[in-house]
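I have placed the structure first, in the form of structure tokens, so that the comments after it can refer back to it.
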Amino acid sequence: MTSEASLDEIDRRIVLATQSGLPLEPQPYHAVARQAGISAEEVMARMRRMLESGAIRRIGVVPNHYALGYKANGMTVWDVPDERVDELGEKVGALEFVSHCYQRPRHLPDWPY
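Mapping of the sequence shown onto the numbering used here: residues 21 to 133, in sequence order.
See below:
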């Protein structure tokens, strides 16, 4: 994992500009670029590097379940053979009542899922 010290000032500006989500506009990376004072291409390259180094875990949507009309929220964990994760994940993720579905790393022996 990358330490905080390895993020430069521009990386920090990108993290601050995106930590509550990408701007909801046709070219969100351009908006982040304007805010950070760099090009959209540099924003994307830096975010890719931060993902690869582990400085950020992922770029994704964080739904507000209540605003989407859900009255309850649940989570489940399944122990799926590694070779079937993609196949089964696509099937579960396609279900109408599933808002998101993803794989988490196993941490044996405490978290074998």
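From the three backbone atoms N, C-alpha and C, an ideal C-beta is built for every residue, glycine too. This one's a predicted model, so the numbers in the text were calculated from it and none came from an experiment.
Residue i classed as buried or exposed, judged by whether at least 16 other C-beta atoms fall within 10 angstroms
i: I79; result: exposed
i: E72; result: exposed
i: Q38; result: Strictly speaking, residue 38 in this sequence is Thr, with Gln absent from that position. With 16 or more other Cβ atoms within 10 Å, it is buried.
i: V81; result: exposed
i: M21; result: Its pLDDT being 49, under 50, M21 is placed unreliably by the model, and the measurement read from it follows with that caveat. Exposed, because fewer than 16 other Cβ atoms sit within 10 Å of the Cβ of M21.
i: V112; result: exposed
Distance CB(residue i)-CB(residue j) smaller than 8 Å
i: M67; j: I30; result: no
i: A51; j: E45; result: yes
i: M64; j: Y49; result: yes
i: L27; j: A75; result: yes
Separation of residue j from residue i, as counted between CA atoms
i: L128; j: W98; result: 15 Å
i: S119; j: I58; result: 34 Å
i: P101; j: A56; result: 42 Å
i: F117; j: V105; result: 19 Å
i: E110; j: P43; result: 27 Å
i: E103; j: T96; result: 20 Å
i: L115; j: A92; result: 17 Å
i: A1; j: C121; result: Residue 1 lies beyond the residue range present for the chain, which begins at 21 and ends at 133; the question has no answer from this structure.
i: E62; j: Y90; result: 38 Å
i: W131; j: Q123; result: 13 Å
Residue i - DSSP class collapsed to helix/strand/coil
i: Y85; result: According to the sequence provided, residue 85 is His. The question's Tyr does not apply to it. It is coil, neither helix nor strand.
i: H50; result: helix
i: S119; result: coil
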